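Chemist:
There are 6 protein chains.
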Amino acid sequence: MPKTIGVPREIKEDEGRVALSPAGLHELVRAGHAVLVERGAGRESGFDDAEYETAGARLVETAAEIYHESDIVVKVKEPLEREYPLIRRGQILFTFFHFAASRELTDAMLQSGASCIAYETIEAEDRQLLPLLTPMSEVAGRMSVFEGSKCLESPAGGRGVLISGIPGVESARVVILGGGVVGLNAAKLAAGLGAQVTIFDIDLDRLRYLSDILPPNVVTIFSTPYDVRRKLYDADLVI
Amino acid sequence: MPKTIGVPREIKEDEGRVALSPAGLHELVRAGHAVLVERGAGRESGFDDAEYETAGARLVETAAEIYHESDIVVKVKEPLEREYPLIRRGQILFTFFHFAASRELTDAMLQSGASCIAYETIEAEDRQLLPLLTPMSEVAGRMSVFEGSKCLESPAGGRGVLISGIPGVESARVVILGGGVVGLNAAKLAAGLGAQVTIFDIDLDRLRYLSDILPPNVVTIFSTPYDVRRKLYDADLVI
Amino acid sequence: MPKTIGVPREIKEDEGRVALSPAGLHELVRAGHAVLVERGAGRESGFDDAEYETAGARLVETAAEIYHESDIVVKVKEPLEREYPLIRRGQILFTFFHFAASRELTDAMLQSGASCIAYETIEAEDRQLLPLLTPMSEVAGRMSVFEGSKCLESPAGGRGVLISGIPGVESARVVILGGGVVGLNAAKLAAGLGAQVTIFDIDLDRLRYLSDILPPNVVTIFSTPYDVRRKLYDADLVI
Amino acid sequence: MPKTIGVPREIKEDEGRVALSPAGLHELVRAGHAVLVERGAGRESGFDDAEYETAGARLVETAAEIYHESDIVVKVKEPLEREYPLIRRGQILFTFFHFAASRELTDAMLQSGASCIAYETIEAEDRQLLPLLTPMSEVAGRMSVFEGSKCLESPAGGRGVLISGIPGVESARVVILGGGVVGLNAAKLAAGLGAQVTIFDIDLDRLRYLSDILPPNVVTIFSTPYDVRRKLYDADLVI
Amino acid sequence: MPKTIGVPREIKEDEGRVALSPAGLHELVRAGHAVLVERGAGRESGFDDAEYETAGARLVETAAEIYHESDIVVKVKEPLEREYPLIRRGQILFTFFHFAASRELTDAMLQSGASCIAYETIEAEDRQLLPLLTPMSEVAGRMSVFEGSKCLESPAGGRGVLISGIPGVESARVVILGGGVVGLNAAKLAAGLGAQVTIFDIDLDRLRYLSDILPPNVVTIFSTPYDVRRKLYDADLVI
Amino acid sequence: MPKTIGVPREIKEDEGRVALSPAGLHELVRAGHAVLVERGAGRESGFDDAEYETAGARLVETAAEIYHESDIVVKVKEPLEREYPLIRRGQILFTFFHFAASRELTDAMLQSGASCIAYETIEAEDRQLLPLLTPMSEVAGRMSVFEGSKCLESPAGGRGVLISGIPGVESARVVILGGGVVGLNAAKLAAGLGAQVTIFDIDLDRLRYLSDILPPNVVTIFSTPYDVRRKLYDADLVI
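Residue numbers (this note's numbering), protein chains in the order written: chain A, 593 to 831; chain B, 593 to 831; chain C, 593 to 831; chain D, 593 to 831; chain E, 593 to 831; chain F, 593 to 831.
#1: With the cut-off set at 8 Å, would you say Tyr-818 (chain D) and Pro-614 (chain F) are in Cβ contact?
#2: Sort out for me which residues DSSP pairs Glu-630 (chain F) with in a bridge.
#3: With 7 Å as the C-beta to C-beta threshold (strictly closer), list the residues of the region 633-658 of chain B near chain F in chain order.
#4: Got a sec: which bits of the region 796-819 of chain A sit with their beta carbon under 8 Å from any beta carbon on chain F, in order along the chain?
#5: Find the residues of chain C that neighbour Ala-615 (chain A), judging by a C-beta separation of less than 7 Å, and give them in chain order.
#6: Give the range of the beta strand (DSSP E) segment to which Ser-815 (chain C) is assigned.
#7: Counting only beta-carbon separations shorter than 8 Å, does Gly-786 (chain E) have a partner in chain D?
#8: Could you tell me whether any Cβ in chain A is nearer than 8 Å to the Cβ of His-625 (chain E)?
#9: For Gly-740 (chain D), return the contacting residues in chain E, with the cut-off set at a CB-CB distance below 9 Å.
#10: Apart from the five residues just before and just after Val-610 (chain D), which ones in its own chain have a Cβ nearer than 6 Å to its Cβ?
#11: Roughly how many whole angstroms lie between the Cα atoms of Gly-557 (chain D) and Ile-813 (chain D)?
#12: Considering only residues of the region 748-785 of chain D, which uninterrupted beta strand (DSSP E) runs meet the minimum length of 3 residues and lie entirely inside it, listed in chain order?
#13: How far does the beta strand (DSSP E) with Ser-694 (chain A) in it extend, from its first residue to its last?
#14: Thinking C-beta only, is Asp-641 (chain E) closer than 8 Å to Leu-651 (chain E)?
#15: With 8 Å as the threshold, decide whether the Cβ of Leu-754 (chain D) is near any Cβ in chain C.
#16: Under 8 Å by Cβ, that's how I've got Ile-709 (chain A) and Phe-738 (chain A) pegged, so tell me the actual separation to the nearest angstrom.
#17: Measuring alpha carbon to alpha carbon, tell me which of E:Gly-772, E:Val-766, E:Leu-799 ends up nearest Ala-827 (chain E).
#18: Pick out whichever of C:Glu-602, C:Arg-751, C:Asn-809, C:Ser-756 has its Cα sitting closest to the Cα of Ile-658 (chain C).
#19: Could you check the C-alpha separation between Phe-691 (chain F) and Arg-751 (chain F) for me, to the nearest Å?
#20: So, with DSSP's three-state summary, where would you put Ile-658 (chain E)?
#21: State yes or no: is the beta carbon of Phe-715 (chain A) nearer than 8 Å to at least one beta carbon in chain C?
#22: What in chain E is Cβ-close to Ala-783 (chain D), meaning under 7 Å?
#23: Which residue's Cα is closest to the Cα of Leu-829 (chain A): A:Ile-791, A:Asp-804, A:Ser-815, A:Val-666?
#24: Does the separation of the CB atoms of Ser-704 (chain C) and Arg-674 (chain C) fall below 8 Å?
#25: Output the distance between the C-alpha atoms of Gly-786 (chain D) and Asp-804 (chain E), rounded to the nearest integer angstrom.
#26: Three-state secondary structure (DSSP) at Ile-805 (chain B)?
#27: Is the CB of Glu-619 (chain A) under 8 Å away from at least one CB in chain C?
#28: Please list, in chain order, the residues of the region 601-613 of chain A that have any C-beta partner in chain B closer than 7 Å.
#29: For the alpha helix (DSSP H) holding Ser-736 (chain B), just list the boundary residues, first then last.
#30: With distances taken from CA atoms, which of D:Glu-715, D:Ala-716, D:Leu-672 is nearest Glu-696 (chain D)?
#31: Could you give the C-beta distance for Ala-706 (chain C) and Gln-683 (chain C), rounded to a whole number, given that I count them as a contact under 8 Å?
#32: Does Val-773 (chain B) come within less than 8 Å of chain A when only Cβ atoms are used?
#33: Under DSSP, the alpha helix (DSSP H) around Ala-710 (chain E) begins and ends at which residues?
#34: Name the two residues that bound the continuous alpha helix (DSSP H) containing Thr-596 (chain E).
#35: Could you give the C-beta distance for Ala-649 (chain A) and Leu-628 (chain A), rounded to a whole number, given that I count them as a contact under 8 Å?
#36: Which residues in the same chain have their Cβ closer than 6 Å to the Cβ of Val-820 (chain C), if we skip the five residues on either side of it in sequence?
Structural data, given as structure tokens:
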């Protein structure tokens with residue numbers, strides 16, 4: 593059954609993402625839904641209004657219109673206080689909520705009468721995977737190597753170590769605690785830079801897969817609190 | 593013939609390097625030279641005074657003592673105005689000078705009567721290589737990838753592109769102009785991060801070597817001003 | 593219970609394959625079955641009659657004998673009209689049928705009273721895999737790169753692009769639609785040749801596996817009709 | 593001293609190349625030379641007349657004009673008989689000549705009074721390298737793998753071997769005689785396809801370099817007539 | 593419920609292993625159990641008594657004390673005859689037993705009234721994996737390459753073949769029968785040494801995974817008794 | 593000018609090599625020389641007499657005949673005392689001599705009047721390379737990894753470390769002193785086994801080449817006595 597889906601502009605500080613790319617929006621329109629986009633919603637993500645219009649969006653001027661007309665509102669961050677009054681009973685809100693972090697938010701949503709579906713709780717059909725968190729973890733794992741590299745530079749107060757080394761100068765020793773999505777992605781980048789990488793995990797089958805696919809400058813170690821401590825002592829960077 | 597060699601603390605702003613590591617100093621001492629180190633000279637490079645002493649240095653309190661007692665003074669950066677009066681006739685100064693950039697420095701050194709040997713002009717015996725510049729170029733080439741990555745992040749005003757991509761999201765297109773020491777080192781790191789790298793150069797033999805040793809996500813293109821322009825248009829990052 | 597299994601010579605135009613190799617036949621004989629082979633059945637696949645005899649076959653002169661004596665007939669292609677009268681009620685026919693493509697074939701088989709088992713419909717026990725199609729797809733994916741390369745050559749009317757490039761000349765941009773068996777195999781070969789490969793798929797978990805195991809000149813992109821179009825515009829070759 | 597340089601259209605059968613790309617022409621124009629291009633000269637190489645004009649060419653209608661006005665004529669193939677009368681005394685002809693293959697051509701050029709510089713004889717300054725032949729050899733080495741692959745297909749009368757194999761089916765054994773430019777380039781592509789590659793050469797230092805940079809499915813063997821013969825016996829493909 | 597767990601010193605000839613490392617012991621202590629270790633139990637594995645004590649063990653002087661005080665006894669090898677009388681009714685014995693190999697051992701354990709859990713029979717929850725055998729198989733597969741290499745040396749009576757070859761001398765042909773845990777681990781090491789490796793297996797899906805993750809000097813072949821024989825004929829080393 | 597060349601059987605203890613393979617002998621015969629081989633000379637290297645005969649040798653029964661008839665005698669090891677009297681004035685002896693190690697040998701050769709050319713002193717035309725030592729160094733470098741691995745096993749009195757590790761257990765730390773022929777070859781094998789390899793050298797250009805071609809689990813460090821010591825402390829294996 594076709595629905596009206598709305599995409600408000602994110603108003604939380606430092607949040608530049610938008611819930612739907614023009615490509616995603618186009619898929620929904622192809623499936624028969626109407627999609628409203630608040631003007632400027634995609635600007636900080638590099639999508640301008642015209643692109644959304646080409647992809648099939650109807651542009652509206654205010655968040656109020658989005659909430660008023662939509663069956664489903666898709667966002668990135670949880671609603672802020674000034675958005676609470678816009679939410680309608682029976683409306684579906686689809687966004688990151690992290691309810692455990694805010695009693696106030698939880699109470700407001702309960703009172704709104706809306707159905708709140710939190711991205712962070714969506715599970716894949718037959719597994720423990722959290723498909724909406726995986727890409728965040730992939731980005732986090734990869735970014736952690738850049739952030740760690742910055743911290744090793746001396747202007748940032750680090751030891752003045754270049755993570756990759758150069759010929760004749762040793763690369764950094766990077767220790768990664770946990771070989772899940774974050775750890776795998778951190779390991780790929782740190783290894784790609786030539787670091788000497790060690791991954792600790794308690795799941796031997798996971799370590800077997802990691803040692804099948806990662807380059808040889810990644811060493812895997814079955815992790816016990818007793819052993820990790822010794823390895824950490826030598827590390828330039830711990831992720 | 594044994595000499596007295598002195599290592600003053602660098603005083604130019606933002607310069608944290610030191611001319612000799614304890615290991616290098618130890619080599620000179622083993623060869624019979626006396627080496628003086630100004631207290632604190634290695635601190636910002638992670639070498640404390642005790643380490644120099646263990647390696648064979650005699651620690652002194654002031655730069656004046658260094659210049660007064662040494663046959664050869666080794667530094668990193670060119671002397672600043674307040675160091676000019678310390679330099680003695682017949683003394684050897686070994687440091688980066690970059691005389692072309694400063695008439696004032698050049699005149700001051702001419703008047704000092706010291707022999708000035710500029711790191712940046714040292715050539716290898718039978719080649720055009722500049723051995724004291726190569727490691728700087730290696731570091732510069734590698735750092736350029738980190739600096740470029742930062743510039744692509746949206747907080748830095750970039751397009752919000754993660755240079756490595758993630759599964760399902762394309763990695764950045766990186767164009768490198770020149771396949772010398774800087775270019776090779778930049779290519780290694782950008783390729784290690786999974787970027788789609790293109791190197792332009794006008795030396796086909798160099799491109800042949802690069803395509804022998806670099807991973808397959810580096811493409812080499814013989815460079816003409818006519819062709820480069822078109823490729824640059826598509827790039828996320830140009831080094 | 594031991595059976596008599598027959599292998600007729602394929603008579604469809606351009607079909608040079610044979611249903612059983614000597615090695616496969618040998619396994620059936622070891623398991624206690626009798627296997628009949630029509631003379632010359634393996635010739636175009638490089639297996640001569642003597643090799644089948646060594647492996648345990650009984651050679652017969654005609655397809656009629658095969659169909660007359662066998663409980664099970666194994667073939668490669670569907671029966672042609674002149675083979676219809678040879679098929680016996682209760683006999684098992686094991687071959688590619690592709691019934692959907694021919695009403696005439698379907699009716700003929702229904703009237704024959706034989707049990708027809710189509711290779712293309714065999715499923716693995718606990719998965720959606722089609723084990724008899726997978727090797728065909730592997731070959732198809734790999735051959736597609738050779739066929740595509742030919743099409744890029746100028747004698748074949750192509751752009752005169754060498755898929756691998758040479759040092760100083762860019763390799764081809766190859767776009768692969770779908771990361772299943774065909775796509776993976778095409779990607780391996782195109783990447784092995786040094787092409788700049790992009791795989792589109794809508795299954796992120798599959799793309800994650802592909803990015804774990806494929807070389808770095810393969811980029812994976814989550815596919816939407818909206819995005820694919822733009823990438824295709826730049827491609828030299830689409831598989 | 594600025595010259596007038598002319599690029600006639602190639603008229604030898606099956607020759608679709610052109611002596612100058614627009615990019616190369618642009619370099620000559622930037623250096624102050626005038627460059628004439630015969631209309632249609634670049635068509636079969638994918639460069640249209642407009643592109644040459646943009647790059648700075650003056651287009652002319654006939655080969656006669658090219659030869660009449662140019663100080664230097666650059667071509668791909670040697671002049672054919674009907675081009676002989678166009679060549680002027682003192683003019684420089686720069687093309688592939690292969691004089692050893694044709695007495696008639698050699699005599700004609702001697703009589704023309706032109707200075708003939710053969711691409712195939714140009715040597716690099718301080719080495720035995722032939723810089724204008726190397727790219728031809730690179731293309732030849734790479735193409736040989738595609739041509740060899742075609743010959744292994746059964747429609748082409750081959751053994752029906754897929755050079756790459758598939759999982760469970762062995763890849764082809766490829767033997768390469770000589771590890772020079774052709775051999776190295778053939779090896780890279782054959783190895784990239786997963787073949788089992790053996791290179792024979794009599795220069796151990798060259799084999800050392802090859803084993804440093806080629807993937808592990810390339811084996812190097814010091815070549816003697818005595819040993820090569822045995823290895824050839826097993827090969828699917830010899831390049 | 594906290595238990596007392598005992599680790600006797602192994603007394604079977606040539607057995608230098610110990611059932612618990614200090615790290616493993618530390619985990620049990622953290623979980624609230626008491627762990628007794630016989631003095632010297634870890635010596636041949638490189639763990640001294642002090643290390644166990646630091647990790648939380650109570651050291652005892654004799655095996656008799658271990659068996660007398662422990663609810664669970666963990667060992668490496670099956671009990672020897674002189675250990676039988678120490679075992680108490682109701683006690684849990686956790687070790688490799690291999691009952692099928694010794695009627696005497698089986699009867700003795702039945703009479704002891706202890707609960708015997710054999711490492712070699714422990715299965716993972718939802719699969720056919722044997723988690724306590726996998727690491728043994730990994731070590732065995734890897735060691736097999738070293739043992740095989742020794743056998744190829746001429747002092748050991750071999751053909752005088754260096755498994756890796758050198759530039760100009762072919763590496764060894766290594767055939768591996770079975771692509772399970774042992775085969776995969778043998779293949780990784782043999783391939784890492786540069787050998788020409790062939791793996792035979794009858795599970796095509798496993799061969800597909802192996803060809804995804806192993807380097808290109810590993811060829812996979814679907815195995816039939818008929819085909820294997822021919823390949824073995826050429827091998828330098830069969831694992 | 594054709595010569596008679598002789599190959600005696602080596603008689604020094606533990607020496608199983610032979611100076612000429614049948615292939616090498618065949619080359620000499622093709623060049624017009626006569627080659628004599630003492631019966632059994634190649635047996636321990638896997639070449640039987642018949643193979644030499646096929647390649648063009650004349651077999652003789654005794655070393656005395658070899659020395660009596662040959663212009664040039666090619667050997668592996670230096671002559672032993674009982675061979676001295678066989679050597680004739682003016683004869684050329686081509687073998688490893690290592691004169692510095694034996695005054696007695698040197699005097700005997702001086703008195704013999706033969707021309708002694710020592711393999712170990714042959715230099716390449718325009719370089720410092722020693723072409724007859726390089727293959728020995730390649731073998732030595734590679735063998736050192738196998739010998740080192742054996743020493744790490746506990747039956748050999750080692751720490752019980754498997755150089756490759758297994759998933760979950762760290763691989764060995766291997767330190768290689770010097771990045772010449774021996775070091776490069778040792779590094780290739782140790783790295784191929786998955787060890788964590790560090791190469792020390794004082795030639796930065798060599799380290800640059802090594803870091804271009806070796807896998808990422810090889811770290812290069814510019815070597816000073818001061819730094820090496822610290823790294824050695826952590827190593828499992830030093831080569």
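The beta carbon of each residue, even a glycine, is placed where N, CA and C say it ideally should be. Just so you know, these numbers come straight off a predicted model, no measurement behind them.
Modeler: Once the coordinates are examined:
#1: yes
#2: Answer by DSSP bridge pairing, in chain order: F:Val-652.
#3: Ala-647
#4: Leu-796, Leu-799, Arg-800, Leu-802, Ser-803, Pro-807, Pro-808, Asn-809, Val-811, Thr-812, Ile-813, Phe-814
#5: Correct list: Thr-816, Tyr-818, Asp-819.
#6: Segment: none, Ser-815 (chain C) is in no beta strand (DSSP E) and carries neither H nor E.
#7: yes
#8: no
#9: Near Gly-740 (chain D) there are no residues of chain E at all, since even the closest Cβ is about 18 Å away, more than 9 Å.
#10: Answer for Val-610 (chain D): Ala-633, Gly-634, Ser-637, listed in chain order.
#11: Residue 557 (chain D) lies beyond the residue range present for chain D, which begins at 593 and ends at 831; the question has no answer from this structure.
#12: 765-769
#13: Unbroken run through Ser-694 (chain A): none, as it is neither H nor E.
#14: yes
#15: Interface residue (Cβ-Cβ distance to chain C less than 8 Å): Leu-754 (chain D) is classified as such.
#16: At roughly 32 Å, the Cβ-Cβ gap does not stay under 8 Å, so Ile-709 (chain A) and Phe-738 (chain A) are not in contact.
#17: E:Val-766
#18: Looking at the Cα atoms, C:Glu-602 is the closest of the given residues.
#19: Going by the C-alpha atoms only, they are around 39 Å apart.
#20: helix
#21: The residue asked about is misnamed: residue 715 (chain A) is Glu in this sequence, not Phe. With 8 Å as the cut-off, Glu-715 (chain A) does not count as an interface residue toward chain C.
#22: Pro-808
#23: Leu-829 (chain A) has its Cα closest to that of A:Ile-791, out of A:Ile-791, A:Asp-804, A:Ser-815, A:Val-666.
#24: no
#25: 12 Å
#26: Three-state result, Ile-805 (chain B): helix.
#27: yes
#28: With the criterion set as a beta carbon lying under 7 Å from some beta carbon of chain B, the members of the region 601-613 of chain A are Gly-608, in sequence order.
#29: For Ser-736 (chain B), the enclosing alpha helix (DSSP H) covers residues 726-744.
#30: Among D:Glu-715, D:Ala-716, D:Leu-672, the Cα nearest to that of Glu-696 (chain D) is on D:Leu-672.
#31: 5 Å
#32: no
#33: Per DSSP, Ala-710 (chain E) belongs to no alpha helix (DSSP H); it is in the beta strand (DSSP E), 707-710.
#34: Segment 596-599 is the beta strand (DSSP E) holding Thr-596 (chain E); no alpha helix (DSSP H) there.
#35: 7 Å
#36: Phe-792
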